[in-house]
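When the letters of the sequence shown are read in order and numbered with this note's numbering, they come out as residues 329 to 873. The C-beta atom is built at its ideal place from N, Cα and C for all residues, glycine as well. Following: one structure in structure tokens, then a few remarks.
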Amino acid sequence: MKAVLGATATITTIFVIVLGLPYGALIQTALADTSALHGLPLTPLLTGSVIALTATLATTALGTIGALAATRCGRMGVVTLDMMLLFQLTIPHPVIGAGWKVILGRTGALPWPLTDDFTGVTALTFTFITSFLPLAYFAQRTALAPIDAREIHAARLGGAHGWSLFRLIYLPRLALFTPAICVFIFSAILSDPITPNIIAPRTPTAATTIWFSSHSYGNQSEEAWLALLLTLPILAAFGLAAAYYVRLLRRMPGLIQLIRTTHSTTPSREHAVGATTRTPQWILACGIAFSATFLTLATHRGITEGGQPPIGDAVMNTVGLSFIVLICSLALSATALAARATSGTHLGWIGRRLIDATFALIATAPGATIGCGLRIIATQPALDNPANPAASFAAVVLACLPSSLAITYFLLVYIGPLMSQGEYLTALLQGVGPIRATTSIVLPRSAHLLILGFLAVFSNTTVLAVPLLWVSTPDTPLLILRLFMLLDAANYPAALSISITVSLFIVGIAAIVGVGVGGVGGIGGVGNRRGVDTHWRKDHQPWQQ
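In structure tokens, the structure reads:
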């Protein structure tokens, strides 16, 4: 009993540090003036929710289609698409919007078919779809990673072919990942105050309204109520996803093991032929062409027109901040893992899932709400003092911490989904040390998870920490704030130039990590390290291998 209470106290403390402080400040400020609730504009919240929902559904659908197509295509094409989307994944969403505005605007290289300028709700939805498409694509690729030839062959021997094979093998993995992806993307879109202001300045959204209210100095109660209301649609989406998972796991208790087990196979290289492979190859070709067009034109405009504003201090400060946030995330995640193990021992899978749900809630908490609450705390007279720089620095770290902590936690908890636990235990029984077994078995089979987690954490702590916009002044030498100043001044080419430079650095490191851990296939994707995967082909039989 004491162990369970200790684990509960640990998780509660982490939750209070990450979310309790900003939400406590918001609730206290909002209750100080309840009359502000009556005149709140609800149109921005409804508009932002509709845009976020539309973009989320479209993004998840396109990412899933791309991930499924990648399982049936050759290695080089998938590697090419992976590298382009990795590059796009590390570019901040407002900068992607600025890139599309440069490309499709009045003086752009390509025409926007709907209006004479790249603006409006449709343009904003299109920007969000292209911004979050890489995230959905890589998440679904990770979901499909454990599928191997033995499982496919066993299903075929049982009479499953075509769509029945898809429903039996692929659909359960996608069903396990899709709701979580949708909630995360929905929250991120709803919390973005910059992109709507760039692409659709006349369209009111909740995060943009909170942003302007925060900087009007004098509407703290209205700001607090708006920030709290922003949480409601995200909580509704989170509740629907949680109810879906409870029902799904009750109906299929062993479903969670689908991401924890894979087997070692060595199928011979086989060239896919016939009409069954034309559709995925066409999808892959369209994805490569679309991504290449955006990256090429955006890079060209950024290099030729962007200029080179001084960013050395911002980059160095951001790198230092990212390391501090990563250290804090690792320390808190390690503590949470110990509490998770204790809860699992005494409460079983229920204890583990409750802790997982807590960190999922942290991951989906709206950045605009967190930033607004931290701003209220940081502007208190006792803390807003030049003689007390530690308070300002703590607010900056807390602004970056929630999403990075959640990503680090899930990376540590599910570091083994793409490895064969049987092979790992067998290696230990044969006298292989844990470190060697981990480096030779765990890491090669977790390359996609490692790369995705590395990019997500690094991007969150460098250029995607939305709460930083609330707790820091625009002249603070941090990369996201320097980009914000350039975007606010409509210097889109300069913002593109800086962001592309940083993204090239991140993708270069990711490529080195991927090749070093898993070879070219470590980047190339699921089922493509040994050639073309033909899992869905009716004419492919086990004895052909």
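Cβ distance (whole Å) where residue i is taken to contact residue j below 8 Å
i, j, result
"residue 422", "residue 642", "Not really, about 16 Å apart at Cβ, beyond 8 Å."
"residue 471", "residue 504", "7 Å"
"residue 874", "residue 665", "Missing from the structure shown is residue 874; the chain here goes from 329 to 873 and no further."
"residue 469", "residue 398", "6 Å"
"residue 346", "residue 730", "5 Å"
"residue 728", "residue 796", "7 Å"
"residue 446", "residue 429", "5 Å"
Sequence-distant residues of the same chain with beta carbon closer than 8 Å to residue i, five excluded per side
i, result
"residue 652", "725"
"residue 663", "338, 342"
"residue 812", "422, 522, 797, 802"
"residue 360", "549"
"residue 382", "453"
"residue 349", "701, 702, 705, 726"
Spatially closest choice to residue i from the options, by CA coordinates
i, options, result
"residue 500", "369, 474, 456, 439", "474"
"residue 511", "431, 392, 388, 469", "388"
"residue 449", "414, 830, 697, 425", "425"
"residue 522", "794, 829, 702", "794"
"residue 834", "417, 330, 619", "417"
"residue 526", "707, 469, 427", "427"
"residue 531", "359, 381, 676, 376", "376"
"residue 395", "352, 491, 705, 502", "502"
"residue 721", "667, 438, 649", "649"
"residue 333", "674, 390, 548", "674"
"residue 573", "549, 541, 506, 624", "506"
"residue 549", "718, 831, 757, 356", "356"
"residue 567", "659, 455, 686", "686"
"residue 331", "679, 818, 830", "679"
"residue 537", "580, 498, 374, 438", "374"
"residue 820", "677, 433, 351", "433"
"residue 438", "541, 621, 459, 491", "621"
"residue 831", "816, 807, 818", "807"
"residue 708", "354, 829, 340, 645", "354"
"residue 370", "551, 754, 465", "551"
Same chain only: Cβ atoms within 7 Å of residue i, ignoring 5 sequence neighbours per side
i, result
"residue 386", "457"
"residue 518", "376, 377, 380, 534, 535, 558, 561, 562, 694"
"residue 799", "699, 702, 703, 706, 723, 724, 727"
"residue 852", "Low confidence applies here, because residue 852 scores a pLDDT of 44, under 50, leaving its location unreliable; read the following figure in that light. So the list reads 403, 406, 407, 410, once near-sequence residues are dropped."
"residue 689", "566"
"residue 593", "Unreliable positioning characterises residue 593 in this predicted model, as indicated by a pLDDT of 39, which lies under 50. The coordinate reading is nonetheless provided below. The answer, listed in chain order, is 476, 477, 478."
"residue 547", "541"
"residue 312", "Residue 312 lies beyond the range of the chain shown here (329 to 873); nothing can be said about it."
Residues near residue i in its chain [Cβ-Cβ closer than 6 Å; skip 5 each side]
i, result
"residue 657", "732, 733, 736"
"residue 462", "413, 416, 417"
"residue 277", "This structure gives no information on residue 277, because the portion of the chain shown stretches from 329 to 873."
"residue 602", "Confidence is the limiting factor: at residue 602 the pLDDT is only 36, short of 50, which leaves the residue's position unreliable and the question unanswerable from this model."
"residue 539", "521"
"residue 661", "736, 737, 740"
"residue 760", "none"
Test item: CB-CB of residue i and residue j under 9 Å
i, j, result
"residue 535", "residue 452", "no"
"residue 408", "residue 513", "no"
"residue 697", "residue 556", "yes"
"residue 508", "residue 569", "yes"
"residue 827", "residue 419", "yes"
"residue 814", "residue 822", "yes"
"residue 565", "residue 692", "yes"
"residue 516", "residue 391", "no"
"residue 618", "residue 684", "no"
"residue 335", "residue 668", "yes"
is_contact[residue i, chain B] using C-beta, thresh 9 Å
i, result
"residue 678", "Absent from the structure is chain B; it holds one protein chain and no more."
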